[in-house]
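Everything in the sequence shown is counted per my numbering, starting at 6 for the first residue and increasing by one.
These notes are about the structure you will find just below.
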Amino acid sequence: MEFEIKRINTWSAVKISFVVYGVLGLVLGLFYGMFIFSLGGLLGGLANQELAPFTGMFSSLAGGIFFTIIIGFFIAFISAVVYGVIITAIVVWLYNLFSKWTGGIKVNLEKTVTMVPASSSSELGGAPV
């Protein structure tokens with residue numbers, strides 16, 4: 006059977022993209038946090054004495070953990086979710102707009118039939134016949 010997707014519900018697409026970009030943001034947040042941790046260690050080792058109070062925060066273990074967990078999480082997660090949801094909403098809106106003029110995407114679907122064995126009345130909780 007051939008069907009045509011003429012319109013996509015914006016809210017359902019935004020909900021799905023929120024979850025997808027949220028998971029992506031969590032994964033990227035860990036990598037981003039590790040990058041900031043290693044960069045902070047590098048900056049702490051290269052700093053001169055005037056910047057020493059500020060670089061101690063980067064090079065210490067507590068500061069590195071802070072940047073790894075908090076800053077990396079918030080920057081990557083929030084930016085991935087916000088930008089992903091905004092881009093998804095714009096793309097869905099554009100698709101709905103253009104599909105009115107040009108038609109939607111055609112999709113071929115097959116109907117599959119699954120056979121369910123008939124159950125006896127005793128399996129359903131009734132009295133045996």
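Virtual Cβ for every residue (Gly too), placed ideally from N, Cα, C.
Closest to residue i by C-alpha separation, out of the options, would be which residue?
{"i": "alanine 81", "options": "Leu99, Val28, Val118 and Lys105", "result": "Val28"}
{"i": "serine 22", "options": "Ile92, Gly38 and Ile75", "result": "Ile92"}
{"i": "isoleucine 41", "options": "Ser84, Ile75 and Ile95", "result": "Ile75"}
{"i": "glutamate 9", "options": "Val90, Leu31, Val112 and Ala123", "result": "Val112"}
{"i": "phenylalanine 78", "options": "Val121, Ala18 and Val32", "result": "Val32"}
Evaluate residue i with the Cβ neighbour count: other Cβ atoms within 10 Å of its Cβ, from every protein chain shown; 16 or more gives buried, anything less gives exposed.
{"i": "glycine 108", "result": "exposed"}
{"i": "phenylalanine 36", "result": "exposed"}
{"i": "tyrosine 26", "result": "buried"}
{"i": "valine 24", "result": "exposed"}
Taking residue i as part of the alpha helix (DSSP H), name the residues at either end of that continuous run.
{"i": "asparagine 101", "result": "84–107"}
Per the DSSP calculation, residue i is bridged to which residue(s)?
{"i": "valine 32", "result": "Per DSSP, none; premise fails for valine 32."}
{"i": "valine 19", "result": "Answer is none; valine 19 lacks a bridge partner."}
From what residue to what residue does the beta strand (DSSP E) around residue i run?
{"i": "asparagine 14", "result": "Where asparagine 14 is concerned, there is no enclosing beta strand (DSSP E), given that its DSSP letter is neither H nor E."}
Problem - Validate contact between the segment 114–123 and the segment 10–17 using beta carbons, cut 8 Å, 3 pairs - result: no
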